[in-house]
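**Student:**
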Amino acid sequence: MSQGHVPIHFEDLGLSKYLFAVPTPLGEFQLRWYSLAYLAGIVLAYWHTSKMIKAPGAPLAQRHADDLFFYCTLGVILGGRLGYATFYTGGDTGLPSLWAHPLELLKMWGGGMSFHGGVVGVVLAIAWVCRRNGLNFLRVCDYVAVSVPFGMLFGRLANFVNGELWGRVAGPDVPWAIIFPGAGDTARHPSQLYEAALEGLLLAVVLVLLFWKTRARWRPGLLVGVFAFGIAAGRFVVEYFREPDEQLRSFALQTGLSMGQWLTLPLMAAGLFFLVRALGRPALGSAPPSEQ
Numbered sequence: 033m034s035q036g037h038v039p040i041h042f043e044d045l046g047l048s049k050y051l052f053a054v055p056t057p058l059g060e061f062q063l064r065w066y067s068l069a070y071l072a073g074i075v076l077a078y079w080h081t082s083k084m085i086k087a088p089g090a091p092l093a094q095r096h097a098d099d100l101f102f103y104c105t106l107g108v109i110l111g112g113r114l115g116y117a118t119f120y121t122g123g124d125t126g127l128p129s130l131w132a133h134p135l136e137l138l139k140m141w142g143g144g145m146s147f148h149g150g151v152v153g154v155v156l157a158i159a160w161v162c163r164r165n166g167l168n169f170l171r172v173c174d175y176v177a178v179s180v181p182f183g184m185l186f187g188r189l190a191n192f193v194n195g196e197l198w199g200r201v202a203g204p205d206v207p208w209a210i211i212f213p214g215a216g217d218t219a220r221h222p223s224q225l226y227e228a229a230l231e232g233l234l235l236a237v238v239l240v241l242l243f244w245k246t247r248a249r250w251r252p253g254l255l256v257g258v259f260a261f262g263i264a265a266g267r268f269v270v271e272y273f274r275e276p277d278e279q280l281r282s283f284a285l286q287t288g289l290s291m292g293q294w295l296t297l298p299l300m301a302a303g304l305f306f307l308v309r310a311l312g313r314p315a316l317g318s319a320p321p322s323e324q
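Under our numbering, the first residue of the sequence shown is numbered 33, with each subsequent residue one higher.
(1) Once DSSP output is grouped into helix, strand and coil, what is the label at Arg-251?
(2) Would you mind working out which of Gly-166, Ile-158, Ala-87 sits nearest Gly-111, comparing C-alpha positions?
(3) Near Val-325, which residues of its chain fall below 8 Å by C-beta distance, leaving aside the five closest residues on each side in sequence?
(4) Take Lys-245 as the anchor and find which of Tyr-70, Met-84, Gly-253, Ser-223 has the nearest alpha-carbon.
(5) Tyr-50 lies in the beta strand (DSSP E); which residues open and close that run?
(6) Between which two residues does the alpha helix (DSSP H) harbouring Gly-59 extend?
(7) How about the segment 226–239 and the segment 174–185: do they share at least three Cβ pairs that are nearer than 8 Å?
(8) Please state the DSSP three-state secondary structure of Leu-47.
(9) Express the C-alpha separation of Val-151 and Gly-253 in angstroms, rounding to a whole number.
(10) Just checking, does the segment 247–264 make contact with the segment 300–311 on the three C-beta pairs under 8 Å criterion?
(11) Helix, strand or coil, according to DSSP, for Gly-292 in the structure here?
(12) Measuring alpha carbon to alpha carbon, tell me which of His-221, Val-193, Phe-283 ends up nearest Gly-46.
(13) What does a CB cutoff of less than 7 Å around Asn-165 pick up in its chain, not counting 5 residues either side in sequence?
(14) Alpha carbon to alpha carbon, how far is Pro-222 from Val-206?
(15) Give the range of the alpha helix (DSSP H) segment to which Phe-192 is assigned.
(16) Is the separation between the beta-carbon of Gly-292 and that of Phe-186 shorter than 8 Å?
(17) With a cut-off of 8 Å on the beta carbons, I'd call Leu-197 and Arg-113 a contact; round off their distance for me.
(18) Look at the alpha carbon of Ala-310 and the alpha carbon of Val-155, and state the distance between them as a whole number of angstroms.
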């Protein structure tokens, strides 16, 4: 680091991976911040969705929100785990494919979740609830999309507290760079905080304001488009500061982009499609029902 910039050591921050630990006959039980982050994100999303559907024009009722709460939780967990097995293990990654070891998929405490897999899981969960209840799929997705960044914010903050998914080596002009345990003696970008700010806080503010302060919810697909493009663009940018997964480092060198960046491209394209589509059609209530 340049003169005057003393590297920050992660250990000096006094962070713990768990809220408390309790000894049990089966070993020590730890209530980890990462688990609490998932729980907080889901509960806050449920609360905010329940509040949104009380506003005029909601495409679902509270009983539907209750179903979404359950099935989307399953979608996040199962989709995230299966997505990690598909994109981050096997092949040229150097890690045994989790698909070849089904029992290993159940060991979630060992880590390994994919955001993109979680998105697919949530979309399938929404489709299931909409099909069972005859709901408008795209409009329900709009409402769910507004609350998803809450979970992204808490999840990335938990990654930082765990001292994992650290960033690339930082230059001397980054006074907030941190020396993370297990990452060598060089200070690195706290890319977890960058993701929390872009994919979580900023996107949450934008979507909440669009929902409550504009008529965005009357344009089916607009909020979905903003969410998909915003979170993909944020992830694409942050990947330049984030250290690629060890098993995918050679992949990033060979292709010029990290696996995370490649996976954001179709999500970004989908976001643009829904944005253009929503803005190119009349808002609900501004045209005869047969044209909506």
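Note that the Cβ used here is the ideal one computed from N, Cα and C, for glycine as well.
**Tutor:** So, from the listed chains and residues:
(1) coil
(2) Ile-158
(3) Nothing can be reported for residue 325: it is not among the residues displayed for the chain, which extend from 33 to 324.
(4) Met-84
(5) 50–56
(6) Segment 59–64 is the beta strand (DSSP E) holding Gly-59; no alpha helix (DSSP H) there.
(7) yes
(8) coil
(9) 16 Å
(10) yes
(11) helix
(12) Val-193
(13) His-96
(14) 10 Å
(15) 169–194
(16) no
(17) Contact doesn't hold; Cβ gap of about 17 Å is too wide.
(18) 19 Å
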